[in-house]
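Numbering follows the UniProt record's numbering, in which position 407 of the sequence shown is assigned residue number 407; successive positions increment by one, without gaps. Glycine residues also receive a C-beta, built at the ideal position from the N, C-alpha and C atoms. These numbers were taken from a predicted model, which means no experiment stands behind them.
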Amino acid sequence: AGRTASAGRWGDDGGEGTSPATSVTEEGGDGRTGDRGMWGWDRDAPTQTSAEDAFGAASSVDSIKHRERQALGDMYRRTNGAKWRRRDGWMSSKSYCEWYGVTCLEKDFGVAFVDLRDNGMEGDMPQAIDELKLLQGLDLSYNRLEGRLSAMLGELKTLRYLLVRSNALYSDIPAGLFRKGSPLTQLDLSDNSLSGAIPGREFVYLTSLRMFNVSNNALTGTIPNIASLPALEIFSASTNALRGAVPHFDDAAKIRFFDVSKNALHGSIPSLSSVPSWVLFDVSHNSLTGELPRTALPRTLRVFSCANNNLNGTVPQTFAQLPKVEHLDFSANQFTGALPASVLQKKTLRYFNVSRNAFEGELPRSVYQGELERQSMRLEEFDVSHNKLTGALPQSIVELDRLRVIDVAHNALSGDLPSRWAVDRLERLDVKANAFTGAIPTILARATRLRHLDLSQNALRSRANLAVLTIPTLEHLDVSGNSLDWNEAAAAPAPKIDRARAIEPPSLHDDL
1 AGRTASAGRW
11 GDDGGEGTSP
21 ATSVTEEGGD
31 GRTGDRGMWG
41 WDRDAPTQTS
51 AEDAFGAASS
61 VDSIKHRERQ
71 ALGDMYRRTN
81 GAKWRRRDGW
91 MSSKSYCEWY
101 GVTCLEKDFG
111 VAFVDLRDNG
121 MEGDMPQAID
131 ELKLLQGLDL
141 SYNRLEGRLS
151 AMLGELKTLR
161 YLLVRSNALY
171 SDIPAGLFRK
181 GSPLTQLDLS
191 DNSLSGAIPG
201 REFVYLTSLR
211 MFNVSNNALT
221 GTIPNIASLP
231 ALEIFSASTN
241 ALRGAVPHFD
251 DAAKIRFFDV
261 SKNALHGSIP
271 SLSSVPSWVL
281 FDVSHNSLTG
291 ELPRTALPRT
301 LRVFSCANNN
311 LNGTVPQTFA
321 QLPKVEHLDF
331 SANQFTGALP
341 ASVLQKKTLR
351 YFNVSRNAFE
361 GELPRSVYQG
371 ELERQSMRLE
381 EFDVSHNKLT
391 GALPQSIVEL
401 DRLRVIDVAH
411 NALSGDLPSR
421 WAVDRLERLD
431 VKANAFTGAI
441 PTILARATRL
451 RHLDLSQNAL
461 RSRANLAVLT
471 IPTLEHLDVS
481 GNSLDWNEAA
491 AAPAPKIDRA
501 RAIEPPSLHD
511 DL
């Protein structure tokens, strides 16, 4: 049950401009299980650090033990330790190295890791943590901690992992957290209430940083110079109030995940060709303008989203040359020209959304060759609504076995609806406001997962297919604005509508 390393906030409702609902998760653990994957510390092999360097030459083992026990005890008391989910051994007389969530360098002293994520902690962020001078990893994510981050954490010479995601921390990010020579490799402050700017001048000191996540806060200012960090692989600052331009990546050789969606960025999208290992690039929900870069794209790119901006021009064919592409979202822009149709032939593609643009032309008649290739296609969501597309709805698209969402509404498509559909997983079908003719396909009555069916504002004729009214999962049905024959409707049982679930009743009145 991995989260994406970017921000763990990708939606899956298939709505307009949604973020990727992909499974780009094998690169990182979710931070809540024993297996942290690439983005977790190695609890079995802490880096050996000199206590003399950390505490000072005059410090004895007894004084180190005293200070560490005192710091841990203070954390317990200030975060309502009596109500923690797990507190095995805490505040007992046995070695604090045996307390739940604590790992030491030595048998009975030298706290290296404190892992109390999702443990019911509440109260102010404990300031005594900075007394744990040998600390290498701190994970207090998924608790209810409030208050400010201590700048003194930056003075911990061995701290490599600082993870406090999903708390209620406020105020700004202290510049003192970023010091010269810092060994920090992972910094996750996401899902809090932090404000102010990311300390740009000090940011360049984090030369060992591999993962930086500040998504879902209230940060302002601009994106710091990420190209100055040679080890950086993940940068996520989505859902803030950042302004300025998307930075160039000419010297960011290792960057793989870049998510700055849902901010107030402007300017154009820079070239991605200088980075050899892109996996995810998300700049959706900003105010970007101009055309997409025409330079080559790295073959590793799997997720690209520029939805909900003011981009224009045509979509380059370079996207069709991505062998691992899973998620493409160009929705809610001003793109014109033909669809990047050849990308639909990619077996890896799961999500394709080009809705709310001005694309013209026809949908591709065939997206696979032969039955075996059809079965290997992974497309789950297909949304080309609100464009200027013409021609028929191809049989080859609606027969893809894994499709959950088909939305071609508000185009100029015509002809009969296909007779054969893959309906086993279909949840949403919207063909509203086109020029389709003929009958409602009888096979749709077998779509046992269908929740949303909109066939309205077309030219459908012939006898109405009353069987669609009996689909047990149906929540929204609209067939208005057609010329259907409902002569048998009086003899048919009324559809069961569960109003307690706020289900919209079928809009049949316009055809009666």
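- By the Cβ criterion, the stretch 94-109 is not in contact with the stretch 123-130, since fewer than three pairs of Cβ atoms, one from each stretch, lie closer than 8 Å.
- Residue range G200 to F203 is occupied by the alpha helix (DSSP H) that includes F203.
- With 16 or more other Cβ atoms from the protein chains shown falling within 10 Å of its own Cβ, L297 counts as buried.
- If you look at A197, you'll find it in the beta strand (DSSP E) that goes S193 to A197.
- Here N308 is near H285, since their CB atoms are less than 8 Å apart.
- The three-state secondary structure of F178, taken from DSSP, is coil.
- Under the three-state reduction of DSSP, I129 is assigned to helix.
- Linking G110 to P199 through their CA atoms gives a straight-line distance of about 31 Å.
- Its chain contains F178, S182, L184 and L229 as the residues whose beta carbon lies nearer than 7 Å to that of L206, once the 5 sequence neighbours on both sides are disregarded; these appear in chain order.
- Beta-carbon to beta-carbon, M152 and D188 are separated by about 19 Å, too far to satisfy the 8 Å threshold.
- Close CB contacts of N192 within its chain, under the 6 Å cut and outside five residues either way in sequence, are with N167, L169 and N217 (chain order).
- In this structure, A439 sits near S462, with a CB-CB distance shorter than 8 Å.
- Bridge pairing for M211: Q186 and I234 [DSSP].
- Here R67 has E131 as same chain residues with Cβ atoms under 7 Å from its own Cβ, once five neighbours each way along the sequence are excluded.
- By a beta-carbon distance limit of 8 Å, N482 contacts L460. Their separation comes to about 4 Å.
- The beta-bridge partner set that DSSP reports for G137 consists of F113 and Y161.
- Secondary structure note for E475: it is in no alpha helix (DSSP H), with a DSSP letter that is neither H nor E.
- Contact annotation, L363 with I406: C-beta distance approximately 11 Å; criterion of less than 8 Å not satisfied.
- The secondary-structure analysis by DSSP pairs G391 across a beta bridge with L413.
- In the three-state reduction of the DSSP assignment, F281 falls in the strand class.
- Contact between L292 and W278 does not hold, since their C-beta atoms are separated by about 14 Å, which reaches or exceeds 8 Å.
- Contact between F249 and L272 holds: their C-beta atoms lie close to 7 Å from each other, under 8 Å.
- When DSSP reads this structure, R428 sits in a beta bridge with V405 and H452.
- CA-CA distance, N387 to V283, rounds to 22 Å.
- Per the DSSP secondary-structure output, N310 pairs in a beta bridge with T289.
- Secondary structure of G101 (DSSP, three-state): coil.
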